[in-house]
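Residue numbers (the working numbering): -14 to 272. Where is the CB? At the ideal position from N, CA and C, for every residue including glycine. Comments concern the structure below.
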């Protein structure tokens, strides 16, 4: 099950479930949104058939059978008899049967539609940036949330927090330059691939996103833990920046304002091998 990082003073709202990131050992193997439900458009099998699920149809069918049996017992034929009516009586009987058939078919269709509506089995995964208007360009998703079983608390030093603030600026600068080599030094391979996919998508549409002049306004630790030979830290960061999207052809701004600073609050998760350097492994939206 998904476990969100604890809320903090910087990020008082619950974090959105991450959909992609580097998977830590204790994280569940099933991505968020891909729950064990039936595929979209398929309904669960129902036992007993339609008539056993519909009291109205059971009563209607029972009434028709009762009328027929009553006619037979009292000598009037299956539906009350046609003696003395000749051909006109026969046509009347056919008309009654046709009306009953139409009524039964309509009722079956009505109750089948009500009983058999398919239910979605979770929305497909999508990039978090599509739902975060004030967030910078680089977007990573993840599986899971907080520290899992078999972990130990981790104490961070001031130098670690200074590193996180510096990496917030460096990642956004590298993103704005479309510098994948720099991103490879700052993030896990999986995160770098996500950045590369985003940059390629923007380029295919003739666009370029810039997130510059990043200033950390407030930040605090959500959680930190050690698992095996790796350390993890999730940090809530509230920051301001200039976020604009330009056309590659002429540099014209198509989204954002180069003179206006925007604000964002995000949870960044970092990881390192013991004795190694911190690397960005996930970015999570809040609210």
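Per DSSP, residue 151 is one residue of the alpha helix (DSSP H) stretching across 143 to 162. Per DSSP, the unbroken beta strand (DSSP E) holding residue 193 starts and ends at 192 to 212.
Assignment of residue 174 by DSSP, reduced to helix, strand and coil, places it in the helix class.
Rounded to whole angstroms, the gap between the alpha carbons of residue 228 and residue 264 is 23 Å. Secondary-structure assignment with DSSP links residue 138 through a beta bridge to 210. Spanning the alpha carbons of residue 232 and residue 137 requires a straight line of approximately 48 Å. Pairwise C-beta distances place the segment 181 to 194 out of contact with the segment 207 to 216, as fewer than three of them are shorter than 8 Å. Note that the segment 194 to 205 touches the segment 138 to 156; at least 3 beta-carbon pairs, one per stretch, sit closer than 8 Å. The DSSP-derived three-state label of residue 91 is helix. For residue 253, the enclosing beta strand (DSSP E) starts and ends at 247 to 258.
Pairing residue 180 with residue 217 gives a Cβ-Cβ distance that is not under 9 Å.
Straight-line spacing of the CA atoms in residue 91 and residue 80 works out to 17 Å. Following the DSSP letters along the chain, one finds residue 228 inside the beta strand (DSSP E) bounded by residues 215 to 232. Residue 240 and residue 196 have their C-alpha atoms spaced approximately 12 Å apart. A straight line joining the alpha-carbon of residue 269 with that of residue 185 spans about 21 Å. For residue 209 against residue 141, the beta-carbon gap comes to about 5 Å, under 8 Å, which counts as contact. Of the other Cβ atoms in all chains shown, 16 or more fall within 10 Å of the Cβ of residue 168; this residue is therefore buried. Of the other Cβ atoms in all chains shown, 16 or more fall within 10 Å of the Cβ of residue 161; this residue is therefore buried. In this structure, the straight-line span from the alpha carbon of residue 178 to that of residue 89 is close to 58 Å. For residue 244, no beta strand (DSSP E) segment is defined, and its DSSP state is neither H nor E. Among the bridge pairs identified by DSSP, residue 181 is matched with none. Beta-bridge annotation (DSSP): residue 238 is paired with 231. Counted as a single uninterrupted DSSP element, the beta strand (DSSP E) harbouring residue 266 occupies residues 264 to 270. Of the candidates 139, 182, 242 and 194, 139 places its Cα closest to the Cα of residue 259. Across the structure, residue 176 and residue 238 are spaced so that their CA atoms are roughly 27 Å apart. With a cutoff of 9 Å on beta-carbon distance, residue 271 and residue 251 are scored as near each other.
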